[in-house]
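**Student:**
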Amino acid sequence: MQDEIEIAQTRKDIAKEVREAKEAEAAMDLHVAKADELAEKEMIKPKLEEPALIKLKKERDPDKLFKLFKDNAHNRLVIENKYAFEDTVSRLAGARRYDYIEHLLEHQKSLPQGRREGFIVRIIMLYGRAGMVKQAVDTFYNMHLFGCKRTVKSVNAALKVLSQTRDLGAINLFLMKVPQEFGVQLDVISVNIVINAFCGMGILDKAYLVMVEMEKAGIKPDVVSYTTLISSFYKYGRWEIGNGLWNLMAYKGCYPNIATFNARIQFLVSRGRAWEANDLLGLMENLEMQPDEVTYNLVIKGFCRAGFFDMAKRIFSALHGRGYKANAKIYQTMVHYLCMAGDFNCAYLMCKECMKKNWTPNVDTICTLLKGLKSIGELDKAAMIFYLAQRRHPPFPARQLDAFKAILARS
1 MQDEIEIAQT RKDIAKEVRE AKEAEAAMDL HVAKADELAE KEMIKPKLEE PALIKLKKER
61 DPDKLFKLFK DNAHNRLVIE NKYAFEDTVS RLAGARRYDY IEHLLEHQKS LPQGRREGFI
121 VRIIMLYGRA GMVKQAVDTF YNMHLFGCKR TVKSVNAALK VLSQTRDLGA INLFLMKVPQ
181 EFGVQLDVIS VNIVINAFCG MGILDKAYLV MVEMEKAGIK PDVVSYTTLI SSFYKYGRWE
241 IGNGLWNLMA YKGCYPNIAT FNARIQFLVS RGRAWEANDL LGLMENLEMQ PDEVTYNLVI
301 KGFCRAGFFD MAKRIFSALH GRGYKANAKI YQTMVHYLCM AGDFNCAYLM CKECMKKNWT
361 PNVDTICTLL KGLKSIGELD KAAMIFYLAQ RRHPPFPARQ LDAFKAILAR S
């Protein structure tokens with residue numbers, strides 16, 4: 001009897017184990033099925049959308065670019081990105097799709113950001129960048145239609161775009177009309193925009209009169225005003241007025257900056273007055289004003305042109321001694337004039353130094369140097385310059401390398 005009971009219990013235990021095993025197997029099958037279903041969903045799940053800014057940057061087709069920008073007209077990452085606007089407008093302008101530019105920018109003005117003057121200034125400048133002057137000026141005149149207040153910032157933006165036309169009548173009309181019609185007072189930036197435009201048009205006397213009249217109206221000229229005029233009068237050979245403005249600026253208590261000094265030094269160099277240019281360099285240092293690479297390049301050029309090569313070398317050495325690094329233009333100046341003076345060994349040292357930095361003098365200068373080195377029997381040095389020319393990046397065109405090689409091959 002006891003044996004029968006034990007057998008029955010054993011059978012129950014076996015049945016239970018089988019049942020539990022089947023339940024576990026079923027649970028595992030269900031888990032696997034769910035995992036397979038999840039994996040399948042992951043496989044068909046679309047990839048994350050590429051950021052709009054990256055897509056705009058990559059797109060080269062003007063039609064697709066227009067649609068892409070239009071689709072993102074409400075995307076703050078796009079509309080608040082200055083580069084995205086400028087790059088898109090530049091490429092559409094390059095494709096001559098001015099209709100697309102107008103559509104996009106006009107639509108932007110109708111959106112909430114169109115009530116911010118800073119945003120409208122950007123629209124005005126973008127129209128100017130695309131050469132769409134009428135649309136830029138119209139945007140300024142219509143600012144009230146989309147609830148945007150005008151200040152001198154938007155006036156200056158429109159004035160700057162308008163100055164690109166070199167239309168004297170249109171510029172004068174704008175200057176007379178806008179302050180009265182909109183009650184906006186011009187500032188010194190307005191004056192400088194007009195002065196720069198008139199100097200660019202070659203009407204220097206009128207540019208000077210603008211400064212005089214604005215000063216009478218209470219707008220004090222700044223160093224940019226004087227520097228633009230001084231540089232232009234020197235450029236047109238009217239050095240007496242340029243010198244007078246230099247003195248007037250100091251008399252008015254407006255002190256020159258580096259750009260002003262460079263304009264005067266450039267004039268002195270062009271007149272062969274290298275020592276006076278060097279004196280100005282010294283004056284800058286006495287005033288604790290740090291000359292820039294342009295200053296040094298001009299003074300070096302002045303001494304080279306006047307035949308004072310030892311002084312040019314001293315300035316070049318002083319440049320390094322004061323912690324400056326000579327740029328490509330300074331090296332070009334030194335190598336060119338040293339070759340002209342027949343100092344090919346010194347020219348070689350400077351040329352090698354700059355070419356190792358991947359700064360290469362122009363082709364004519366290299367040809368002159370190669371011929372000069374060959375003429376004094378320095379064939380190894382000439383070969384080194386040719387070797388460095390071959391390693392240039394981006395490479396010289398094959399025809400130019402052939403020209404260098406031909407110089408070395410001549411008997």
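Numbering (the UniProt record's numbering), first residue to last: 1 to 411. Where is the CB? At the ideal position from N, CA and C, for every residue including glycine.
1. On the criterion of 16 or more Cβ atoms from any shown chain inside 10 Å, does Q180 qualify as buried, or is it exposed?
2. Report the residue ranges of all alpha helix (DSSP H) runs contained in full by the UniProt repeat "PPR" (292-326); include only those spanning at least 4 residues, in chain order.
3. Answer yes or no: do S90 and R129 have a C-beta to C-beta separation smaller than 9 Å?
4. With C367 as the anchor, note down where its alpha helix (DSSP H) starts and where it stops.
5. Does N156 pass the burial test, meaning 16 or more other C-beta atoms within 10 Å, or should it be called exposed?
6. What three-state label does DSSP hand W275 in the structure shown?
7. Would DSSP call H393 helix, strand or coil?
8. With a threshold of 7 Å on Cβ separation, who are the neighbours of I219 within its own chain once the five nearest residues in sequence on each side are excluded?
9. What do you get for K405, buried or exposed, if any count of 16 or more other CB atoms within 10 angstroms of its CB means buried?
10. Quick one: Cα of R96 to Cα of R322, how far?
11. DSSP on K252, reduced to helix/strand/coil?
12. At what residues does the alpha helix (DSSP H) containing P221 begin and finish?
13. With H, G and I counted as helix, E and B as strand and the rest as coil, what does DSSP make of M334?
14. Take K252 as the anchor and find which of E215, V363, R410 and C339 has the nearest alpha-carbon.
15. Identify whether N257 lies in helix, strand or coil by the three-state DSSP scheme.
16. Using 9 Å as the threshold, is the C-beta distance between L298 and A277 below it?
17. Should S232 be labelled buried (16 or more other beta-carbon atoms within 10 Å of its own) or exposed?
**Tutor:** Taking the definition as stated:
1. exposed
2. 293-305 and 309-321
3. yes
4. V363 to S375
5. buried
6. helix
7. coil
8. L186, D187, V188 and V191
9. exposed
10. 49 Å
11. coil
12. Careful: P221 lies outside any alpha helix (DSSP H) and carries neither H nor E.
13. helix
14. E215
15. coil
16. yes
17. buried
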